[in-house]
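Asker: Pasting in a structure now, in C-alpha cells, and then I'll have a few things to ask.
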Amino acid sequence: MTAVAEPDLKHELRALDAAHFLHPFTDHAALAAKGVRVITRAEGIWIWDADGHRILDGMSGLWCVNAGYGRRELAEAAYHQMRTLPFYNTFFQTTTEPPVRLARRLTELAPPVDGRRFTHVFFTSSGSEANDTHVRLVRRYWDLMGQPQRKVIISRWNAYHGSTVAAASLGGMRAMHEQGDLPIPGIVHIEQPYYWQHRQPGETPEAFGVRAARWLEEKILEVGPDKVAAFIAEPVQGAGGVIIPPSTYWPEVQRIVERYGILLISDEVICAFGRLGHWFAYERFGIKPDLVTFAKAVTSGYVPLGGVLVGERVARVLVEGGEFTHGYTYSGHPVACAVALANLDLMQRERLPERVRDDTGPYLAERFATLADHPLVGVAESCGMVAGLILTRDKATLEPFPEDWEVGLLCRQHCFDTGVVMRAVGARMIIAPPLVMTRADIDVMIDLIRRALDATWADLQRQGRV
Ligand code: PMP
87 MTAVAEPDLK HELRALDAAH FLHPFTDHAA LAAKGVRVIT RAEGIWIWDA
137 DGHRILDGMS GLWCVNAGYG RRELAEAAYH QMRTLPFYNT FFQTTTEPPV
187 RLARRLTELA PPVDGRRFTH VFFTSSGSEA NDTHVRLVRR YWDLMGQPQR
237 KVIISRWNAY HGSTVAAASL GGMRAMHEQG DLPIPGIVHI EQPYYWQHRQ
287 PGETPEAFGV RAARWLEEKI LEVGPDKVAA FIAEPVQGAG GVIIPPSTYW
337 PEVQRIVERY GILLISDEVI CAFGRLGHWF AYERFGIKPD LVTFAKAVTS
387 GYVPLGGVLV GERVARVLVE GGEFTHGYTY SGHPVACAVA LANLDLMQRE
437 RLPERVRDDT GPYLAERFAT LADHPLVGVA ESCGMVAGLI LTRDKATLEP
487 FPEDWEVGLL CRQHCFDTGV VMRAVGARMI IAPPLVMTRA DIDVMIDLIR
537 RALDATWADL QRQGRV
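Structure follows, in C-alpha cells:
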C-alpha cells in the first residue's frame, strides 16, 4: 500500500477539530497549539496518518481492534443487518435476531464456574454503561434478596471502570474524582495490587499478592460485611498502566468474597476476547465472578457495544423479581450485535485466543522482557497480549523521573515518530496490540519500541538529565 500524504485534508481537519471537537481526556489548548494527528485509514495492524506515515498500532485502537483492521466480513455483517433491520427496540416486549443469538453465544463461550453457568446478558453500548448497570443491578439483587442494606461496592485505587458518574466513581482515578465531587456515596476503594509500588523489602510477589488481597477483607470488616454488595476489579488493570497482579492475588480475593457472600464483578472490558489468551480473563486467573463486564473487542471496536454477563446466582433472582427499571435505547442494537457475531465467528475460526495463549503471548513475553536491558527500563512484563515497562532513572530502586520532566510523554512522542503507538501512564509505557499479530510482527514492534527508547535516552542525555 502506498503512503499518500494528504496535507490539505490535514490542515482542514486540524482547524475544524480545534474549533468544534471536544476530545475525551484532553487539554484542548495544548492540543490546538500542537495540532491534532489525523488518522486516515488502517489495514491489519497498521494505521496511516494524513502525512502518509505508517504506524504500527500497538494499542489496537484503544484496546479494542483485536481482529485487526480491514476485516471485510465485519463490514458486510453491518451492511446486511442495516439493509434488513437497522434498528428495533427491545422495550416493547419485542426482540430481534442478532441480540438473541449473541446472548446465547456469549453464554456458551463463557465457561461455567463451579458448575454455575452464565445464563443471561444485558446489552449496553459501552463499558461505562455496563458498569453503571452493575451498580443498579447488584443493588436490585440485594433488595430482592431481602438485604437492601447491602449497597456498598468496593473497588480499587487506580482502577478504570469508565467515565459516567457511576463508572468514574467505581474507578479509582483521583484526577477524575477531583472533577465533579466523586465518588458518589456507597463506593469505596482499596489499594491496587501493584507489586512495584507497594512491595516491602524482601517481600516476594506471592507474599505481596496475599497481603494485597487482604486489604479487601479489611475494608469489608471496616464497612460491615452485611453492608457490602459487591467487589469490582479488572483481572489485569489496563488504563491504570497494565498492572499485572501476582499469581496469589486472585485466589485469595476469591476466598474472601466467598467467605462474606459478596458478589464479584470481573470488569473484562479490556481483558476478554482473547486479550489474555482466553475468551474471558476469569479463566486465566481462576476467578469465579457472578457478573462480567464486556465491551470493546466484542465487536473488535468496529461498532460500539458493551454489556453485562449475568451468572445463574443473580440471573435467577432478577428474572423472578419483576421489572428491573433499567435500559438503554440501544440495549441489543441489531447492527452492533450482528457485527459482534461476525467478529466472534472470525475469532473462533482463526483461533485467536488459543493463538495468544499458546504462541504469540509467550513469544511477546520473551521478546518484551529483553527490553529490560535498556538503560531507561526498570521492569518489562506482559500477560497475554498486554505489556508494560517502567521508565526509571535507577534500575535498582525503580525511582521514577521527576513528573515535570514528562519522560513518558517524550517517549510516547518518539514512539509515534518511530512508527509505533505506545501509551504513557505515569512512569509506565504500555501496549495492547491486535491479536492477529504474527511472531514477525512482534519482532518489528519490539525493534520500533527499542528505537523509540534509544531516542528518548538520547534526548535525556542531551539535556544532561541522565
Ligand atoms: N472498564 C474498563 C476496564 C475499561 O478499560 C474501560 C475503557 N477503557 C471501560 C470500562 C469503559 O469503557 P467505555 O470507554 O466503552 O465506556
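All residue numbers for the sequence shown refer to our numbering, where the first residue is 87 and numbers rise by one. Heads up, the beta-carbon is just placed ideally off N, CA and C, and yes, glycines get one too. Because the structure is a prediction, the values reported are computed rather than measured.
According to DSSP, which residues form a beta bridge with M145?
Answerer: Per DSSP, none; premise fails for M145.
Asker: On the three-state DSSP scale, how would you describe C357?
Answerer: Reduced to three states, the DSSP call for C357 is coil.
Asker: Please classify T628: does DSSP put it in a helix, a strand, or coil?
Answerer: As displayed, the chain neither begins before 87 nor continues past 552, which places residue 628 out of reach and without an answer.
Asker: Going by beta carbon distance, what residues of the same chain come within less than 8 Å of D503, once the five residues before and after it are set aside?
Answerer: Excluding residues within five positions, the ones whose Cβ falls inside 8 Å are A538, A541.
Asker: Within this structure, are the beta carbons of L475 and M515 separated by less than 7 Å?
Answerer: Yes, the Cβ-Cβ distance between L475 and M515 is below 7 Å.
Asker: Taking one C-beta from the segment 194-206 and one from the segment 221-234 each time, how about it: are there three or more such pairs within less than 8 Å?
Answerer: At 8 Å Cβ cutoff, the stretches do not touch.
Asker: Could you check what DSSP says for F204 in three-state terms: helix, strand or coil?
Answerer: F204: strand per DSSP, three-state reduction.
Asker: For the candidate residues R345, A115, T379, A422, whose alpha-carbon lies nearest to that of P184?
Answerer: Closest option to P184, Cα to Cα, is A422.
Asker: Under 8 Å: do the segment 270-277 and the segment 233-251 share three or more Cβ pairs, one atom per stretch?
Answerer: Verdict: yes, contact present.
Asker: Between the Cα of Q283 and the Cα atoms of L546, A513, Q167, which residue gives the shortest distance?
Answerer: For Q283, the nearest C-alpha among the options comes from A513.
Asker: Should G324 be listed as close to the ligand PMP, given that the test is whether its C-beta is under 6 Å from any heavy atom?
Answerer: True, at least one ligand heavy atom lies under 6 Å from that Cβ.
Asker: Should I348 go down as buried or exposed, given a rule of 16 or more other Cβ atoms within 10 Å for buried?
Answerer: Buried.
Asker: To test your reading of the DSSP string, which unbroken beta strand (DSSP E) runs of 3 or more residues are found completely within the segment 184-251?
Answerer: As far as the segment 184-251 is concerned, its whole beta strand (DSSP E) runs of at least 3 residues are 204-210, 238-242.
Asker: Whose C-beta lies closer than 7 Å to the C-beta of D527 among residues of the same chain, with five residues either side of it excluded?
Answerer: Once the five neighbours on either side are set aside, the close Cβ partners of D527 are I131.
Asker: Among D444, T446, A473, D445, which residue has its Cα nearest to the Cα of A458?
Answerer: Of the listed residues, the one whose Cα sits closest to A458 is A473.
Asker: Starting from the C-beta of R123, find all residues in its chain whose C-beta is less than 7 Å away, skip the five residues before and the five after it, and write them out in chain order.
Answerer: The residues are D135.
Asker: Between V378 and G397, what straight-line distance do the alpha-carbon atoms span, to the nearest angstrom?
Answerer: The straight-line gap from Cα to Cα measures roughly 8 Å.
Asker: The ligand PMP heavy atoms versus the CB of D353: any closer than 6 Å?
Answerer: Checking the Cβ of D353 against the ligand PMP gives yes.
Asker: Secondary structure at E129, three-state DSSP: helix, strand or coil?
Answerer: Strand, per DSSP.
Asker: Starting from F371, follow its DSSP beta bridges and name the residues at the other end.
Answerer: Paired residues: none, contrary to the question.
Asker: Report buried or exposed for G288, applying the criterion of at least 16 other Cβ atoms within 10 angstroms of its Cβ.
Answerer: Classification of G288: exposed, given that the 10 Å Cβ count is below 16.
Asker: Thinking just about the alpha-carbon of each residue, which of G464, W491, S468 is nearest to the one in D480?
Answerer: Ranking the options by Cα distance to D480, first place goes to G464.
Asker: Looking at M471: is its Cβ nearer than 7 Å to the Cβ of L521?
Answerer: In contact: M471 and L521 (Cβ atoms closer than 7 Å).
Asker: Just verifying my parser: in three-state terms, what is the DSSP assignment at W134?
Answerer: Here W134 sits in strand by DSSP.
Asker: What do you reckon, is the C-beta of G248 under 6 Å from a heavy atom of the ligand GTP?
Answerer: The ligand GTP is absent from the structure shown, which contains only the ligand PMP.
Asker: Could you pull the start and end residues of the alpha helix (DSSP H) that R514 belongs to?
Answerer: No alpha helix (DSSP H) holds R514; the beta strand (DSSP E) holding it covers 514-517.
Asker: Name the two residues that bound the continuous beta strand (DSSP E) containing F454.
Answerer: Here F454 belongs to no beta strand (DSSP E); instead the alpha helix (DSSP H) covers 447-455.
Asker: Going by beta carbon distance, what residues of the same chain come within less than 8 Å of V339, once the five residues before and after it are set aside?
Answerer: Same-chain partners within the cutoff: A299, L302, F317, A319, L350, I373.
Asker: Would the segment 358-368 and the segment 440-449 be scored as touching if the rule is three or more Cβ pairs under 8 Å?
Answerer: Segments in contact, yes.
Asker: Kindly indicate which three-state DSSP category M87 falls into: helix, strand or coil?
Answerer: At M87, the pLDDT of 46 sits below 50, so the modelled position is not reliable; the number obtained from the coordinates is stated separately. Correct three-state label for M87: coil.
Asker: CB G393 to CB T210, shorter than 7 Å?
Answerer: Closer than 7 Å, so yes.
Asker: Between the alpha carbons of A115 and E159, how many angstroms are there, rounded?
Answerer: When rounded, the distance between both Cα atoms is 40 Å.
Asker: Where do the N-terminal and C-terminal ends of the beta strand (DSSP E) with C469 fall, by residue?
Answerer: Taken as a continuous stretch (DSSP letters only), the beta strand (DSSP E) holding C469 covers 463-469.
Asker: Here's a check: name, in chain order, each residue in its chain whose Cβ is nearer than 6 Å to the Cβ of Q552, leaving out the five neighbours to either side.
Answerer: Inspection of the sequence shows that residue 552 is occupied by Val rather than by Gln. L546, listed in sequence order.
Asker: Is G257 helix, strand or coil by DSSP?
Answerer: DSSP places G257 in coil when its eight states are reduced to three.
Asker: Taking one C-beta from the segment 158-174 and one from the segment 319-336 each time, how about it: are there three or more such pairs within less than 8 Å?
Answerer: Cβ pair count under 8 Å is below three, so no.
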